[in-house]
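Going by this note's numbering, the sequence shown runs without a break in its numbering and finishes at 347.
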Amino acid sequence: MMTKANFPQYDYNFHGAGYHKQRQTDPRIADYVFAELSEMDTVLNVGAGAGSYEPDNAYVVAVEPSQTMRLERSMSGKFPAVNAVAEQLPFDDQSFDAVMAMVTVHHWHDINKGLAELKRVTKHKVVMLTFDPAKLDRHWNVDYFKDVVAAEVQRYPSIADLVEKLAGNATVIPVPVPFDCVDGFQDAFYGKPEAFLKPEVRAAQSAWGFVDKDTELAYVKRLKHDLNSGEWDRKYGHFRKMTSFQGGLSLIVVNYSKK
């Protein structure tokens, strides 16, 4: 089994086109993020992607290494991003009041080095939105997309490891996913399984890039069959009635006391 240390990297230059249409800022999730950044005047967004969850009331600088994703930012009306990686941020120590990292840490080549860089450039706070790998099997997708979920579990560092490496006054906040979530990660469709039949939805979820095409199509074929036959609803129809879902989505907030 692959470990996080040697898991292959997802190529956003190849796969990132159209990402901004599927992965948008969900206002309910954003409330959790913005509450932690509300008093921060300067914010660095590391692994910024198309720019989701960037606050409007702060001076934000974005870092994004993928050319395709930097183009996606322009398509979603965001300001340009700096071409850099988390492991080597081109900024002085304590350059920003806060650093944000939204569902990005599992893409980094060297997580320890990236976390050290986040600590180095912030004055006060790191705000990280991520998924707890121990809670990624909490809904029906583990039944239908076994290898996709397994890839996610292997890629995401544990919450405990992140808190330990960030080494500050940490709070971990579970973030519920609303039924009509507009940020198209897997848990966003816990009650709308038909969405996974759409190639553009799967293409905006990087874990699908770690299963071969035949496996992907077999998973989709089985889901489509069970939706048509009513089997999915017999087993999992209660998810359609849930107004929100508490899976692995978590907000890690680490405060530092800087002299």
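Virtual Cβ for every residue (Gly too), placed ideally from N, Cα, C. Given the structure is predicted, the values throughout are model-derived calculations rather than measurements.
Query	Result
Cα-Cα separation, F333 to Q274	12 Å
DSSP state of N343 mapped onto helix, strand, coil	strand
Where S332 sits in the DSSP three-state scheme	strand
Contact under 9 Å by Cβ, A193 with L250	Note that residue 193 is Val in the sequence shown here, rather than Ala. Yes. Within cutoff.
Integer Cβ distance of D220 from I247, believed to fall under 8 Å	5 Å
Beta-ladder partner(s) of R111, from DSSP	D271
Backbone CA spacing between K201 and H326 [nearest angstrom]	42 Å
Residues that N257 bridges to, as DSSP identifies them	N343
Backbone CA spacing between N229 and H195 [nearest angstrom]	21 Å
Reference A203; option with closest CA among K312, V308 and Q176	Strictly speaking, residue 203 in this sequence is Leu, with Ala absent from that position. Among K312, V308 and Q176, the Cα nearest to that of L203 belongs to Q176.
First through last residue of the alpha helix (DSSP H) which encompasses K201	I199 to V209
Alpha carbon of E160 to alpha carbon of Y324, nearest angstrom	35 Å
M190 - DSSP class collapsed to helix/strand/coil	strand
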